[in-house]
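Per the working numbering, residue 945 is the first one in the sequence shown, and the count goes up by one each step. Ideal Cβ placement from N, Cα and C applies to all residues, glycine included. Here the structure is laid out as structure tokens; the discussion comes afterwards.
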Amino acid sequence: MGFLYLVHDDCKRLIYGFERIGRERIADVLLAEHALRELSQREETLHHRVMALQKTIAIESDRLQPDKTTPVESTRAELEKTNQQLKEFQLQYARKEYALYQATSMLTSYFKELYDSLRRDPKWFMREELVQDCSDRGGCCGRECGCCAQRCEEVKNSSQRKGRGHYTTECQCCIGFRGFEFPEEDKEEIRRDFKARVELRGSGYFIKLADWSFCPLKRQKPSNPKSQWYRIFGMGSTDEKES
């Protein structure tokens, strides 16, 4: 089972089984989650940069002659700048996390349960379709470096459990593989392109992304909020089971 457009409604609404929902509700969640994922990967990049700068300072300090301090001071200035960016990240993360909360809170109870049930599995984003999509976009899964799978383990031990997932332009591993970081104007263009494909009415990519982000994994049973009443009242009495 997956999402379908209600064509007679000019694709403004989606149908999933017997349930219906406005497509903008799903789009808002997809966009908010992508923004949080991009920011989370930016944090990873900054943390790696801080560690590299600290290591550089230690090496430069050991080699430095008493009358030559310029290289170390320059690196320390860059380290201070990067640490400041990390502090700014914490504020931005809180804002993006709340934006995702706002988007998911507007879902109906049925779709909210689908969303939450899928994300209880920290490996949900390693589903086959999203791995292939990451590879097609030039991300880590195309190189089998294991970075995306490693994020599953990080989710278990991190206070920031949201925002983990596949490749964005901020991925530290992909920046290192390319040997350069995209200029900010290129990043913004890629963001606009993603937003346009998600918001385009009748977009096939949007339907696929909605399926990958809401549909249960193949090994899971579909989540149905009504099923709790069946479990409580629909299984029959003990006498009926024994007879």
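*What are the start and end residues of the alpha helix (DSSP H) that includes E1128?*
E1128 to E1143
*Mind the definition here: the region 960-972 touches the region 1121-1132 only if three or more C-beta pairs lie below 8 Å; say whether that holds.*
no
*Rounded to a whole number of angstroms, what is the C-alpha to C-alpha distance between L983 and R1108?*
10 Å
*From the DSSP output, which residues share a beta bridge with I959?*
L948 and R964
*Note the first and the last residue of the continuous alpha helix (DSSP H) segment covering C1115.*
Careful: C1115 lies outside any alpha helix (DSSP H) and carries neither H nor E.
*Between the beta-carbon of D1155 and the beta-carbon of F947, is there less than 7 Å?*
yes
*Could you work out which residue in L958, V973 and L975 is closest to R967 when comparing CA atoms only?*
L958
*Note the first and the last residue of the continuous alpha helix (DSSP H) segment covering S1079.*
E1072 to D1080
*asked:* Using the three-state DSSP reduction, which class does L980 fall into: helix, strand or coil?
replied: helix
_Can you look up R1020 in the DSSP assignment and give me helix, strand or coil?_
helix
_Close Cβ partners of A1043 (< 8 Å) along its chain, the five nearest in sequence each way excluded_ = A976, A979 and L980
*With C-beta atoms as the reference, is C1085 less than 7 Å away from V1075?*
yes
*CA-CA distance, A1140 and F1150?*
10 Å
*R989: which of E1129, T1112 and R1020 sits nearest, CA to CA?*
The sequence shown places Thr at residue 989, not Arg. The candidate whose alpha carbon is nearest that of T989 is T1112.
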